[in-house]
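Below: the structure, in structure tokens.
4 protein chains.
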Amino acid sequence: MIIQLHKNISTENLSVIHHTLEKQKYSVTSVNTQFENYLICIGKNEIDIRSIGHLKGIKDIHRVSDSYKLVSRKWKTDYTKIDLGNNIYIGDGTPTIMAGPCSIESEEQVAKIVGHLIKNNISIMRGGVFKPRSSPYAFRGLGIDGLKMLYEQCKPNNIKIVTEVMQVSQIHEMIDYVDVFQVGARNSQNYNLLDALGEVDKPVLIKRGVSGTIEELLHSAEYIFSKGNERLMLCERGIRTFENIYRNTFDINAIQVLKDKSHLPVIADPSHGIGIREYVPKIALASLFAGADGVIYEVHEKPEEALSDGQQTLNFMESELLINKINAVKSLLN
Amino acid sequence: MIIQLHKNISTENLSVIHHTLEKQKYSVTSVNTQFENYLICIGKNEIDIRSIGHLKGIKDIHRVSDSYKLVSRKWKTDYTKIDLGNNIYIGDGTPTIMAGPCSIESEEQVAKIVGHLIKNNISIMRGGVFKPRSSPYAFRGLGIDGLKMLYEQCKPNNIKIVTEVMQVSQIHEMIDYVDVFQVGARNSQNYNLLDALGEVDKPVLIKRGVSGTIEELLHSAEYIFSKGNERLMLCERGIRTFENIYRNTFDINAIQVLKDKSHLPVIADPSHGIGIREYVPKIALASLFAGADGVIYEVHEKPEEALSDGQQTLNFMESELLINKINAVKSLLN
Amino acid sequence: MIIQLHKNISTENLSVIHHTLEKQKYSVTSVNTQFENYLICIGKNEIDIRSIGHLKGIKDIHRVSDSYKLVSRKWKTDYTKIDLGNNIYIGDGTPTIMAGPCSIESEEQVAKIVGHLIKNNISIMRGGVFKPRSSPYAFRGLGIDGLKMLYEQCKPNNIKIVTEVMQVSQIHEMIDYVDVFQVGARNSQNYNLLDALGEVDKPVLIKRGVSGTIEELLHSAEYIFSKGNERLMLCERGIRTFENIYRNTFDINAIQVLKDKSHLPVIADPSHGIGIREYVPKIALASLFAGADGVIYEVHEKPEEALSDGQQTLNFMESELLINKINAVKSLLN
Amino acid sequence: MIIQLHKNISTENLSVIHHTLEKQKYSVTSVNTQFENYLICIGKNEIDIRSIGHLKGIKDIHRVSDSYKLVSRKWKTDYTKIDLGNNIYIGDGTPTIMAGPCSIESEEQVAKIVGHLIKNNISIMRGGVFKPRSSPYAFRGLGIDGLKMLYEQCKPNNIKIVTEVMQVSQIHEMIDYVDVFQVGARNSQNYNLLDALGEVDKPVLIKRGVSGTIEELLHSAEYIFSKGNERLMLCERGIRTFENIYRNTFDINAIQVLKDKSHLPVIADPSHGIGIREYVPKIALASLFAGADGVIYEVHEKPEEALSDGQQTLNFMESELLINKINAVKSLLN
């Protein structure tokens, strides 16, 4: 059960509500986000909503049978739209495009890609500076310096930045340079990181774990939301199956199911989803027709020279063709 | 190595070729299809193609490094187009739609669905009469009588029939009433059935096994082709993964990979691919944008009363909306 | 619901029972096996068993909530013991060992392996003559001649033969030379084959499909049992997972779950279960400690020269060590 | 390539080695552990080991073709034995037993379980105080107070403590009360945590991710080792597959493959591996026969009242039976 409270509820009224719920043996979690104040109430007794609904300070009450609550569409049927500033929105009905290199490598590399984005009217850039790598001996990214490098070129061009955060201690140093924090697949159930991102007022893009279920992804989002951050989006990026011709199996089914179960925007990552450059554009298009709110993909001037993920990264021409194609079908998506 | 022979090759010239290959310790399989005569030659020695190419009776020679040969796109880069008669083609660049009930249930049911197909200009009907069911106590289909029932209503309307064959002994009784034999997911590696379908001059639609790899599907097609039947199409119908919110995980990646590795048409089955009615249309559209040559889906006047698979079957209105949508995007597919 | 009938039930009494069940809208399947006559009754109404139990000709009635019935342990809590003759049993509390080559190759090969089995007191030999192979160009076994070759050497030595049957039409030619029909993983849901094996009075070993669920395996066994053959055993042989260091992932969990859900013996196939020779013996032992009634594994005089599966086949020394080890731990298994 | 250095190598000699390797375009990582000093050298040039081996300060050089190096058995063929003090070892050839509750709940609960361990001569206790839970609203453990509670009762009884650490900031507060840090399945690729545990001189037990490959697990161990901590053990705890009758599919194959690829001890977790109480003991035994160096399982006085994982937790009687069984077969394990 979710109780939406009036912002200016008196402590007296609040304690009456708490008291009433405790009598019913409900455990209550207070959630105060950027936008609203909620009580999440979990218990086994059947409560007649009307016995609570009249209490002072309550704006609305919703029964939510899912084990995740705040991210469920059972209580919030309108889809969430995320405002990144400068008239850039995610989940507003037009497909969002986020593109950029796997890793930030140099000022020159960033400049080239920023140029490509500007040319094609793309206003969100991805780019990793803290890179989770299977081997401890592999390139792990340029770190915070890479992020500043990215920021210096994106900021003046009104290009928003989405980049991965790997641990709690990085949040503070990154926050001024980031528009969307990305939680990577490997950290999809790193609950301490999720908790910490709940206390930050920046949008978060949460990638599904490599073998994460739909339910687990929604619970991970619930972790963040329940700590106070409503500005969330979910990302399907392929799952691990028995088939190993491709790096991952892009789970196109997940898009609609996520849109059905949750009010959060859903972004598709075709680059990781199939992991083979020449197939990325069609998976991107397919995912939009399956209902995704946007795509995030990897682009690099010379993919074959990229420090990571080159085999799944588009070059500028391929990227431009994809963008044009998306623009051509845009009106047919809904 | 694939050797294409002249149709009228003399036995003398043929035996020279065989002799030459045997000297190189190649095992040779003769394949005579509806259209061509081939020799499939497998061996470990590196052969200089020129040392054979000049032999009389040889039309062309192709090196194919894949372990499947005849279905590979390495030697036949043009895509295969299948002619079903009455100007109905599969793989001709326009999306094919095949629709119909999971099971044939009654003349009345067939009449209703045939009416729906005619109204919407759909010229291929699916419908099962031999049903593989997990439980021996479940409805197993109307059998050959159901097929005749289907035929009587489709034939006069120039509607082609695709239906599943489960065992070798059924082929003979079915053949006069069938336009496309379907091999179901559970029989995807039933090699005796595949062998037998290779000796028949009817198109075959081969479904990927529930956990069949891309390679296994191509090898299954190779079984049929190598027995003499070139008129084949492949079908992606969802795979088994850890995610169990949906019946299967539609593997959208497979479509492009199959189109890349093989010259055979690829059909998508969104009904089994996700298994939940309201999501079927978007998966259908997505699969066409991913490159599928067509879709096969389940439709029934009253899905909730269908004897099988009702939960994934569209009703007439949903089906019509999907057909209209496909027609609307048709021109943007390539 | 399973009704056990008296063998000599009068047609009159039988029709009373049928009539009573029909009135309750139960569908009834008659099952007559080597040992018993049953009625399998499926319906939605709650029936008070006592309202039927007093009818003449009924020996016993059992409610079975599982969707598989006859193979369930809910009605038959004693485990099934299969008598192969010559005092050879499966499921009698001592671990059964079945060993032999992947494929029968020659009289000489068979002689060597029969010698190895005799030396080590192993009384069941495996060996394939109809081989399902991914590629149509691979060695497909010696066929019925290979089986006769096997029989001629096994029969005089009281060694029982387990070998795979791939299609209905093979049953008749094989039956005189076979002690246990094996259904391979790829045919685990070949329902026509299962039906046909239900009409034969020879034990059947059913392998789990490569991605077959426990439930599906039990339903496959139910197919055979419900056609009249009670002498069945189940075989765990590894499943397909994301891990591809080994050919399959041996599902040790399945053994106990199968023993819990069904009264049928469970055999472990460590050769396919891990697919790497040096690891086979430990998986064999582990599976016995997990509760398997026996093991089936591949052995060959010179595995590296075997025509198929050499990489997972033990040589005679490895096989002998395994047998000795099994004998050494035998008394600790229960 | 791994170079083992003499402990007292001079900076001069060290720089000669570095210089020589740089000339060959090798990247070099210095690793200084509790026991040894190493250089990990990665490059593409083929180096003749003899051209380096004679340099001063080098104790030994090993070529390791695996992408993980220090945890590979290619250079260290002797298995690692971990000394926990008080004559308690892991990997010494006798099976280690670690048992305890899923979560630490109260002093009374701990006392009961410690009593059970003492009675049965078990000297390592597991017990979670920081609990990763799918839902943010579930019980997340008693935290550091729970750990102190555990310590107070284990320390005087010479019982060693293994407990999960979830994030870097917890290491410092936990370290005085912990004998073995456990990295949970969800944090198996939390590289920052792994890095931090490499800088600590306490043994670490690393659980395989829920869909982690063998290679990924070994790379996770390499992360820790390469930061300076050699005292590591690996834990197989079941993987995610299509089968959902059980919580996870215990991957018995993994045990031998890990023992073959790495010199680190391998512990089996049958509680998570199958997730159903009555089956846990047989999986425990099977895993020891498959080659595991020990088992870790969940035990509680009243599993049905446990705050978490009750369905897979043994009661005292079941636990005692298992321990007795392990003792009975101990001598047959190798």
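So the protein lines, in turn, are chains X, B, S and G. Numbered per this note's numbering, the first sequence spans residues 1 to 334. Numbered per this note's numbering, the second sequence spans residues 1001 to 1334. Numbered per this note's numbering, the third sequence spans residues 2001 to 2334. Numbered per this note's numbering, the fourth sequence spans residues 3001 to 3334. For every residue, glycine included, the Cβ atom is placed at its ideal position computed from N, Cα and C. Since this is a predicted model, take the numbers as computed values, not measurements.
- Using a CB distance cut-off of 7 Å, S/Asn-2032 does not count as an interface residue toward chain B.
- Shown here for X/Asn-192: same chain residues with a beta carbon closer than 8 Å to its own, the five before and five after excluded, namely Val-168 in chain order.
- Our two residues, X/His-6 and S/Gly-2209, have alpha carbons roughly 57 Å apart in a direct line.
- Residue pairing of G/Glu-3298 in beta bridges, as defined by DSSP: G/Gly-3100.
- The Cβ atoms of B/Ala-1286 and X/Phe-289 sit closer than 7 Å to each other.
- Using beta-carbon distances, G/Asn-3190 does not count as an interface residue toward chain B, since no partner is under 7 Å.
- Between B/Pro-1203 and B/Val-1183 the beta-carbon gap is near 11 Å, outside 8 Å, which marks them as no contact.
- Excluding its 5 nearest sequence neighbours in each direction, G/Thr-3033 has C-beta neighbours in its own chain below 8 Å: Phe-3225, Gly-3228, Asn-3229, Glu-3230, listed in chain order.
- Around G/Lys-3259, the same chain offers Val-3266, Gly-3291 as residues with beta carbons nearer than 7 Å, after the five sequence neighbours per side are excluded.
- Contacts with chain G (Cβ-Cβ distance below 7 Å) from the stretch 2226-2250 of chain S involve Ile-2239, Thr-2241, Phe-2242, Glu-2243, Ile-2245, Tyr-2246, Thr-2249, Phe-2250, listed in chain order.
- Within the stretch 1136-1155 of chain B, the residues whose Cβ lies closer than 7 Å to any Cβ of chain S are, in chain order, Pro-1136, Tyr-1137.
- Using a Cβ distance threshold of 7 Å, B/Val-1162 and B/Ile-1171 do not count as a contacting pair.
- A straight-line Cα-Cα distance of about 17 Å links B/Ile-1047 and B/Trp-1075.
- In this structure, S/Ala-2284 is the residue among S/Pro-2303, S/Ala-2284, S/Asn-2315 with its C-alpha nearest to the C-alpha of S/Lys-2330.
- By the neighbour-count criterion, in which 16 or more other beta carbons inside 10 Å mark a residue as buried, X/Ile-274 falls on the buried side.
- For B/Gln-1312, the closest C-alpha among the options B/Gln-1109, B/Thr-1011, B/Ile-1296 is that of B/Ile-1296.
- Annotation for X/Ile-82: Tyr-89, Ile-90, Gly-91, Pro-203, Arg-231, Met-233, Pro-265 place their beta carbon closer than 7 Å to its own, counting only its chain and skipping 5 residues before and after.
- Interface annotation, B/Ser-1319: not in contact with chain X, CB-CB separation never under 7 Å.
- Look at X/Met-174 here: in three-state DSSP terms it is helix.
- Excluding residues up to 5 positions away in sequence, Tyr-2177 lie with their Cβ nearer than 6 Å to the Cβ of S/Tyr-2151 in the same chain.
- The C-beta of G/Tyr-3038 comes no closer than 7 Å to any C-beta of chain X.
- B/Ser-1211 places its beta carbon 7 Å or farther from that of B/Ser-1188.
- Chain G has a Cβ within less than 7 Å of the Cβ of X/His-219.
- The C-beta distance from G/Ile-3002 to G/Ile-3040 rounds to 6 Å, short enough to meet the 8 Å contact threshold.
- The criterion of a C-beta distance shorter than 7 Å is not satisfied by B/Ile-1061 and B/Ile-1042.
- The continuous stretches of beta strand (DSSP E) do not include B/Ile-1049, and DSSP gives it neither H nor E.
- By alpha-carbon distance to B/Gly-1198, the top candidate from B/Lys-1044, B/Asn-1008, B/Leu-1070 is B/Leu-1070.
- No Cβ of chain B is located within less than 7 Å of the beta carbon of X/Gly-212.
- C-alpha of B/His-1054 to C-alpha of B/Thr-1020: approximately 12 Å in a straight line.
- Here X/Phe-139 is not bridged, per DSSP, to any residue.
- Neighbours of G/Tyr-3223 in chain X, taken as residues at a C-beta separation under 7 Å, are given in chain order as Pro-136.
- Closest option to X/Lys-160, judged by alpha-carbon separation, among X/Phe-139, X/Ile-124, X/Ala-138, X/Glu-173: X/Ile-124.
- In the DSSP assignment, S/Ile-2144 falls within the alpha helix (DSSP H) that extends over 2144-2154.
- When C-alpha distances from G/Lys-3302 are compared across G/Ala-3099, G/Asn-3315, G/His-3272, the shortest belongs to G/Asn-3315.
- Taking 7 Å as the cut-off, the Cβ atoms of G/Pro-3101 and G/Ile-3326 do not count as close.
- Beta-carbon to beta-carbon, G/Glu-3243 and S/Thr-2011 are separated by about 45 Å, too far to satisfy the 8 Å threshold.
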